[in-house]
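Enquirer: Following this message is one structure expressed as structure tokens.
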Amino acid sequence: MGVISRKIFPACGNMCVCCPALRSRSRQPVKRYRKLLADIFPKSPDEPPSERKIIKLCEYAAKNPFRIPKIAKYLEERCYKELRSEHIKLVNIIAESFNKLLSICKVQIAYFAVDVLNVILELLSYSKDETIQTLGCQCLSRFIYCQVDATYTHSIEKLVRKVCMLSQEHGEAREKRCLRASSLQCLSAMVWFMAEFSHIFVDFDEIVHSALDNFDWSRQNEEADAREEAHHNWVDEVIRCEGRGGSVIGNDNRSSCLIIQPRPEVKDPSLLTREEIENPEIWAQICIQRMVELAKESTTMRRVLDPMFVYFDSRQHWAPQKGLAMIVLSRMAYFMENSGNQRLILASVIHHLDHKNVMNDPQLKTCVVQVATSLAMQIRSGSGLAEIVFVGVLCRHLRKSLQASSEFVGEQELNLNISLQNSIDDCLQEIANGVIDAQPLFDLMAITLENIPSGVVGRATIGSLIILARALTLALSRLHSQQGFPEALLVQLLKVMLHLDVEARVGAHLIFSILLFPSSFHTHEISSLRSRYLGQHNKRHSHAASVSASASITALLEKLRRNRDSTKAENHGNIVHDQERDIVAEDWNQGCGLKNSPNFYKFTSIIDRATGSPSLTDTEPYVMKLTEDQMAQLLSAFWIQANLPDNLPSNIEAMAHSFILTLIVLRMKNLKDRDNLVIRFFQLPLSLWTMLLDQSNAGIMPPACQRSVYVLSAGMLAFACKIYQIHDLNDVFASLPMSDVSKLIWFC
Numbered sequence: 138m139g140v141i142s143r144k145i146f147p148a149c150g151n152m153c154v155c156c157p158a159l160r161s162r163s164r165q166p167v168k169r170y171r172k173l174l175a176d177i178f179p180k181s182p183d184e185p186p187s188e189r190k191i192i193k194l195c196e197y198a199a200k201n202p203f204r205i206p207k208i209a210k211y212l213e214e215r216c217y218k219e220l221r222s223e224h225i226k227l228v229n230i231i232a233e234s235f236n237k238l239l240s241i242c243k244v245q246i247a248y249f250a251v252d253v254l255n256v257i258l259e260l261l262s263y264s265k266d267e268t269i270q271t272l273g274c275q276c277l278s279r280f281i282y283c284q285v286d287a288t289y290t291h292s293i294e295k296l297v298r299k300v301c302m303l304s305q306e307h308g309e310a311r312e313k314r315c316l317r318a319s320s321l322q323c324l325s326a327m328v329w330f331m332a333e334f335s336h337i338f339v340d341f342d343e344i345v346h347s348a349l350d351n352f353d354w355s356r357q358n359e360e361a362d363a364r365e366e367a368h369h370n371w372v373d374e375v376i377r378c379e380g381r382g383g384s385v386i387g388n389d390n391r392s393s394c395l396i397i398q399p400r401p402e403v404k405d406p407s408l409l410t411r412e413e414i415e416n417p418e419i420w421a422q423i424c425i426q427r428m429v430e431l432a433k434e435s436t437t438m439r440r441v442l443d444p445m446f447v448y449f450d451s452r453q454h455w456a457p458q459k460g461l462a463m464i465v466l467s468r469m470a471y472f473m474e475n476s477g478n479q480r481l482i483l484a485s486v487i488h489h490l491d492h493k494n495v496m497n498d499p500q501l502k503t504c505v506v507q508v509a510t511s512l513a514m515q516i517r518s519g520s521g522l523a524e525i526v527f528v529g530v531l532c533r534h535l536r537k538s539l540q541a542s543s544e545f546v547g548e549q550e551l552n553l554n555i556s557l558q559n560s561i562d563d564c565l566q567e568i569a570n571g572v573i574d575a576q577p578l579f580d581l582m583a584i585t586l587e588n589i590p591s592g593v594v595g596r597a598t599i600g601s602l603i604i605l606a607r608a609l610t611l612a613l614s615r616l617h618s619q620q621g622f623p624e625a626l627l628v629q630l631l632k633v634m635l636h637l638d639v640e641a642r643v644g645a646h647l648i649f650s651i652l653l654f655p656s657s658f659h660t661h662e663i664s665s666l667r668s669r670y671l672g673q674h675n676k677r678h679s680h681a682a683s684v685s686a687s688a689s690i691t692a693l694l695e696k697l698r699r700n701r702d703s704t705k706a707e708n709h710g711n712i713v714h715d716q717e718r719d720i721v722a723e724d725w726n727q728g729c730g731l732k733n734s735p736n737f738y739k740f741t742s743i744i745d746r747a748t749g750s751p752s753l754t755d756t757e758p759y760v761m762k763l764t765e766d767q768m769a770q771l772l773s774a775f776w777i778q779a780n781l782p783d784n785l786p787s788n789i790e791a792m793a794h795s796f797i798l799t800l801i802v803l804r805m806k807n808l809k810d811r812d813n814l815v816i817r818f819f820q821l822p823l824s825l826w827t828m829l830l831d832q833s834n835a836g837i838m839p840p841a842c843q844r845s846v847y848v849l850s851a852g853m854l855a856f857a858c859k860i861y862q863i864h865d866l867n868d869v870f871a872s873l874p875m876s877d878v879s880k881l882i883w884f885c
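Throughout, my numbering is defined as the position within the sequence shown, counted from one, plus 137.
Written out as structure tokens, the structure reads:
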């Protein structure tokens with residue numbers, strides 16, 4: 138009869154209401170979906186749920202999509218009813234039915250998405266049983282993974298805070314841990330959604346904090362302690378042999394912060410075991426992995442890292458040997474190796490020094506810099522550092538720290554600033570070791586030297602550049618790559634050599650000498666020279682014990698570095714006594730510091746090496762190349778500076794040191810116009826002598842300054858004679874009576 142009504146008498150269905158066979162709804166399975174819905178629920182409480190019947194219902198819904206709204210609505214209302222009755226088993230069946238619907242009817246998700254979201258919200262809000270909330274998290278995770286576009290972005294975003302609250306539930310019971318694991322699984326799905334559809338939720342900071350709250354770092358600390366103990370054994374042995382004890386001022390965390398974290402295992406959510414699925418720490422790591430996938434460029438990287446940094450600040454997690462920051466950031470750097478974005482993490486950490494939470498706290502700054510140092514070591518061991526624009530930030534904070542150390546501060550604050558300076562020094566060395574192209578660093582130094590002010594700020598700026606120059610030359614010398622002295626940097630150094638501030642002139646010579654001939658300075662000398670730029674107040678304020686401790690640290694670090702790196706022992710002529718390392722500001726101002734200066738001690742060692750020219754050429758230390766024009770510019774600058782009336786003994790010493798190193802470079806390098814340059818090097822001291830002996834120039838310079846220039850010219854000429862083995866002039870100097878010539882001439 139149904140066939141007749143459909144094909145022969147189509148109007149019968151509308152006309153006849155008595156015959157059931159003629160009704161149109163008899164041609165559709167009116168009660169089949171109701172029967173399928175009833176079948177998924179067990180008849181008795183002891184009967185287990187039938188997964189086969191749930192799948193059958195979902196397959197029916199996929200074939201009859203117009204029935205999906207009624208099916209979903211029925212399941213939603215039934216869920217509310219069973220929750221009120223606290224029938225947990227039936228709620229599980231309803232949640233499983235929705236999960237199957239999401240899997241099988243993914244294309245028709247628009248028909249039941251609202252019902253699913255309503256059920257999820259109800260499950261997450263059910264606080265009487267953690268199992269129900271766990272079901273809600275699992276259902277929400279399945280709903281997120283079924284998305285093919287960003288249609289339901291805002292609906293998902295509204296649930297972020299509720300899921301984050303569940304992830305922070307306390308307790309070690311199995312139900313609590315499963316709830317945290319499910320909520321973190323849901324958060325990882327949200328991070329995947331954000332990366333997939335390029336939309337970062339407003340409450341993304343809450344997701345980051347929840348992941349970090351559940352990160353397993355106690356076990357990592359135990360492993361780090363084991364590595365650190367082995368790493369410190371050799372340090373303790375040296376200290377025991379030296380017989381030194383007590384507290385010292387310095388960067389005592391350097392060895393621990395420079396331990397590279399082990400490479401983590403990348404977790405695949407589809408390959409997790411049952412135990413791992415119920416482990417919240419595993420899902421916290423997966424959240425971090427997916428945040429790395431989200432951070433594809435600098436903007437999203439900052440969006441990911443900023444809430445992390447705020448979390449580390451507020452929870453005091455920056456300590457490199459015990460904090461969470463080192464572990465998390467190190468893992469993120471490993472995860473980013475394929476994309477090559479590790480440098481963005483390092484840059485962000487260094488830029489965080491400007492954050493309001495950090496900028497006024499030297500101790501916190503020190504911890505942040507130590508974390509950056511360890512990251513720099515990890516990154517350079519893998520590939521290298523192509524972009525190093527963040528070095529300027531380190532130099533700026535180093536300058537501020539040096540400037541703060543020169544003011545009237547307490548001993549504790551002074552020690553914190555010294556620790557910060559040591560940490561930045563270590564960080565600059567690690568960054569320089571990973572530098573691929575050093576030209577940007579030379580450009581940075583040239584730009585910084587363009588406007589050097591006078592006074593404390595100028596001395597602090599020079600001090601920061603001295604440390605940067607030393608770190609850079611150490612890295613370049615390890616590469617054994619000879620390169621020319623940067624022209625732009627040399628021009629700025631020549632200008633600073635004629636600066637109104639006498640200390641700035643000395644600093645320019647020091648930077649030039651360190652870059653040109655790194656082996657002419659050693660670690661203890663750099664520390665002594667840097668201390669000159671800390672100002673006078675704290676030197677008078679500090680105790681003799683602090684000075685002794687600082688000298689002990691310097692000697693100890695030098696010994697540790699030699700022993701650990703298995704480097705060759707220094708020549709016997711390079712042994713520096715304690716009294717030659719101490720530089721006192723009052724002696725410099727009175728002209729007495731010349732005798733105790735380490736630079737003048739180095740003159741003798743340099744001359745001794747130069748006298749035996751084979752040893753100088755055989756060792757072939759790392760030096761930068763100077764062109765003929767650059768050497769001519771240097772000689773002209775030496776002449777102009779020597780005629781300045783306000784020169785102090787420190788300026789005379791600096792000029793002599795630069796002259797000696799430039800002459801050594803000329804001797805070592807084969808230049809086309811070498812003979813003419815040699816003549817000019819002899820001409821400079823002779824011209825200075827001639828100027829001093831000319832009576833028409835009397836009164837232009839003070840007598841003390843004339844005496845200093847006389848000493849300078851004599852030393853220059855004596856060194857030139859020794860290095861080119863002109864023995865006749867050496868005999869002339871030796872025949873001069875001590876009463877006629879200042880004892881300072883005999884530093885050669």
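Ideal placement from N, C-alpha and C gives every residue a C-beta, glycine not left out.
Applying the criterion that 16 or more other CB atoms from any shown protein chain within 10 Å of the CB defines a buried residue, is PRO839 buried or exposed?
Expert: One-based indexing of the sequence shown puts residue 839 at position 702. So PRO839 ends up on the exposed side.
Enquirer: Can you confirm whether ALA287, when its beta carbon is compared against all beta carbons of chain C, has any partner nearer than 7 Å?
Expert: Absent from the structure is chain C; it holds one protein chain and no more.
Enquirer: Counting Cβ pairs closer than 8 Å, one from the region 331–348 and one from the region 397–415, do we hit at least three?
Expert: The region 331–348 is not in contact with the region 397–415.
Enquirer: Suppose only complete runs of 4+ residues qualify. What are the alpha helix (DSSP H) ranges in the region 448–528, listed by chain order?
Expert: 461–472, 479–488 and 499–519
Enquirer: So who's on the other strand from GLY621, going by DSSP bridges?
Expert: Position 484 of the sequence shown, counting from 1, holds the residue named residue 621. LYS762, per the DSSP bridge assignment.
Enquirer: Which runs of the beta strand (DSSP E) at least 3 residues long sit entirely within the region 532–591? Give them in chain order.
Expert: None, since the region 532–591 contains no complete beta strand (DSSP E) of that length.
Enquirer: Run through DSSP, which three-state label would GLU416 get?
Expert: Here the question's residue 416 lines up with position 279 in the sequence shown. The residue asked about is misnamed: residue 416 is Asn in this sequence, not Glu. Looking at ASN416 - three-state DSSP - the assignment turns out to be coil, as it is neither helix nor strand.
Enquirer: I think ILE246 touches CYS283, with their Cβ atoms under 8 Å apart; what is that distance to the nearest whole Å?
Expert: If you number the sequence shown from 1, residue 246 lands on position 109. If you number the sequence shown from 1, residue 283 lands on position 146. With a Cβ gap of about 6 Å, ILE246 and CYS283 count as contacting.
Enquirer: Taking the CB atoms as reference points, tell me whether ILE83 and THR585 lie closer together than 7 Å.
Expert: A query on residue 83 cannot be resolved here, the shown segment of the chain reaching from 138 to 885 and no further.
Enquirer: Quick check: what's the CA-CA separation for ILE344 versus LEU647?
Expert: Locating residue 344 in the sequence shown gives position 207, where the first residue counts as 1. Locating residue 647 in the sequence shown gives position 510, where the first residue counts as 1. About 51 Å.
Enquirer: Could you tell me if GLU184 is buried or exposed, where buried requires 16 or more neighbouring beta carbons within 10 angstroms of its beta carbon?
Expert: Taking the first residue of the sequence shown as 1, we reach residue 184 at position 47. So GLU184 counts as exposed.
Enquirer: Rounded to whole angstroms, what is the Cα-Cα separation between ILE464 and ALA769?
Expert: As a working mapping, residue 464 is identified with position 327 in the sequence shown. As a working mapping, residue 769 is identified with position 632 in the sequence shown. Approximately 53 Å, taken between the alpha carbons.
Enquirer: Is it buried or exposed, PHE203, if we count other Cβ atoms within 10 angstroms and call 16 or more buried?
Expert: Looking up residue 203 in the sequence shown gives position 66. Counting Cβ neighbours within 10 Å, PHE203 comes out exposed, since fewer than 16 surround it.
Enquirer: Going by C-alpha distance, which of SER347, ARG279 and LYS172 is nearest HIS307?
Expert: Here the question's residue 307 lines up with position 170 in the sequence shown. The residue with the shortest Cα to Cα distance from HIS307 is SER347.
Enquirer: Keeping to the same chain, check which residues put their C-beta closer than 6 Å to that of SER560; ignore five residues upstream and five downstream.
Expert: Taking the sequence shown and counting its residues from 1, the one referred to as residue 560 is at position 423. The answer, listed in chain order, is ASN388, THR503, VAL506 and GLN507.
Enquirer: For a quick check, are the C-beta atoms of HIS489 and PHE446 less than 7 Å apart?
Expert: The residue given as residue 489 occupies position 352 in the sequence shown. The residue given as residue 446 occupies position 309 in the sequence shown. In contact: HIS489 and PHE446 (Cβ atoms closer than 7 Å).
Enquirer: Within the same chain, show all residues whose beta-carbon is closer than 7 Å to that of ASP865, passing over the 5 residues directly before and after it, in chain order.
Expert: Here residue 865 refers to the residue found at position 728 of the sequence shown. Excluding sequence neighbours, ASP865 sits near nothing in its chain.
Enquirer: Quick check: the Cα distance between LEU605 and VAL628, rounded to an integer number of angstroms?
Expert: One-based indexing of the sequence shown puts residue 605 at position 468. One-based indexing of the sequence shown puts residue 628 at position 491. Looking at the two C-alpha atoms, the distance is approximately 18 Å.
Enquirer: DSSP three-state label for SER689, please.
Expert: As a position in the sequence shown, residue 689 is number 552, starting the count at 1. With a pLDDT of only 35 at SER689, under 50, the local geometry of the prediction cannot be trusted, and no value is derived from it.
Enquirer: Could you tell me whether the region 528–537 touches the region 415–432, where touching means 3 or more Cβ pairs closer than 8 Å?
Expert: no
Enquirer: Can you give me the Cβ contacts of LEU823 inside the same chain, cut-off strictly under 6 Å, excluding the 5 residues immediately before and after it?
Expert: Translated into positions along the sequence shown, residue 823 becomes position 686. Hits under 6 Å: none found.
Enquirer: Looking at the structure shown, is ASN201 part of a helix, part of a strand, or coil, going by DSSP?
Expert: Residue numbering aside, residue 201 sits at position 64 when the sequence shown is read from its first letter. Residue state, collapsed to three classes: coil.
Enquirer: Cα-Cα, which of ARG311, ARG642 and VAL228 is closest to VAL591?
Expert: Here the question's residue 591 lines up with position 454 in the sequence shown. Val is not the amino acid found at residue 591; the sequence shown has Ser there. Taking only the C-alpha atoms, the option nearest SER591 is ARG642.
Enquirer: What is the rounded straight-line gap between the Cα of SER292 and the Cα of TYR448?
Expert: Translated into positions along the sequence shown, residue 292 becomes position 155. Translated into positions along the sequence shown, residue 448 becomes position 311. Whole-angstrom Cα-Cα distance: 27 Å.
Enquirer: Just curious, the alpha helix (DSSP H) that SER320 is in, first and last residue?
Expert: Within the sequence shown, numbered from 1, the residue matching residue 320 stands at position 183. From DSSP, the alpha helix (DSSP H) with SER320 extends over 311–334.
Enquirer: Taking the straight line between their C-alpha atoms, what separation do you get for ASN570 and PRO655?
Expert: Your numbering for residue 570 matches position 433 in the sequence shown. Your numbering for residue 655 matches position 518 in the sequence shown. The alpha-carbon atoms of ASN570 and PRO655 are separated by roughly 15 Å.
Enquirer: Where does ASP865 fall in DSSP's three states?
Expert: Position 728 of the sequence shown, counting from 1, holds the residue named residue 865. DSSP places ASP865 in helix when its eight states are reduced to three.
Enquirer: Below 6 Å CB to CB, which residues in the same chain sit around CYS242 once its five sequence neighbours on both sides are set aside?
Expert: Locating residue 242 in the sequence shown gives position 105, where the first residue counts as 1. Answer for CYS242: ALA198 and ALA199, listed in chain order.
Enquirer: Using the Cα positions of SER845 and GLN576, report the straight-line distance between them to the nearest angstrom.
Expert: The residue you call residue 845 lines up with position 708 of the sequence shown. The residue you call residue 576 lines up with position 439 of the sequence shown. Rounded to whole angstroms, SER845 to GLN576 spans 37 Å at the Cα level.
Enquirer: Would you call the region 308–315 and the region 266–281 in contact, with 3 or more CB pairs under 8 Å?
Expert: yes
Enquirer: Check each candidate in PRO499, LEU466, ILE801 and PHE472 and name the one with the smallest Cα separation from ALA484.
Expert: Here residue 484 corresponds to residue number 347 of the sequence shown, with the count starting at 1. Ranking the options by Cα distance to ALA484, first place goes to LEU466.
Enquirer: Could you tell me if ALA367 is buried or exposed, where buried requires 16 or more neighbouring beta carbons within 10 angstroms of its beta carbon?
Expert: Walking along the sequence shown from the start, residue 367 turns up at place 230. Below a pLDDT of 50, predicted positions are generally treated as unreliable, and ALA367, at 49, falls in that range; the measurement from the model is reported next regardless. Classification for ALA367: exposed.
Enquirer: Using only CA atoms, which one of LEU227, ALA608, GLN422 and ASP638 lies nearest to ASP783?
Expert: Taking the first residue of the sequence shown as position 1, residue 783 is located at position 646. It is ASP638 whose Cα lies nearest to the Cα of ASP783.
Enquirer: Could you give the C-beta distance for ILE525 and VAL572, rounded to a whole number, given that I count them as a contact under 8 Å?
Expert: Here residue 525 corresponds to residue number 388 of the sequence shown, with the count starting at 1. Here residue 572 corresponds to residue number 435 of the sequence shown, with the count starting at 1. Contact holds; Cβ gap of about 6 Å.
Enquirer: Rounded to whole angstroms, what's the CA-CA distance from LYS237 to ASP340? Just pull it up for me.
Expert: Along the sequence shown, read from residue 1 onward, the residue named residue 237 stands at position 100. Along the sequence shown, read from residue 1 onward, the residue named residue 340 stands at position 203. Distance between the alpha carbons of LYS237 and ASP340: 29 Å.
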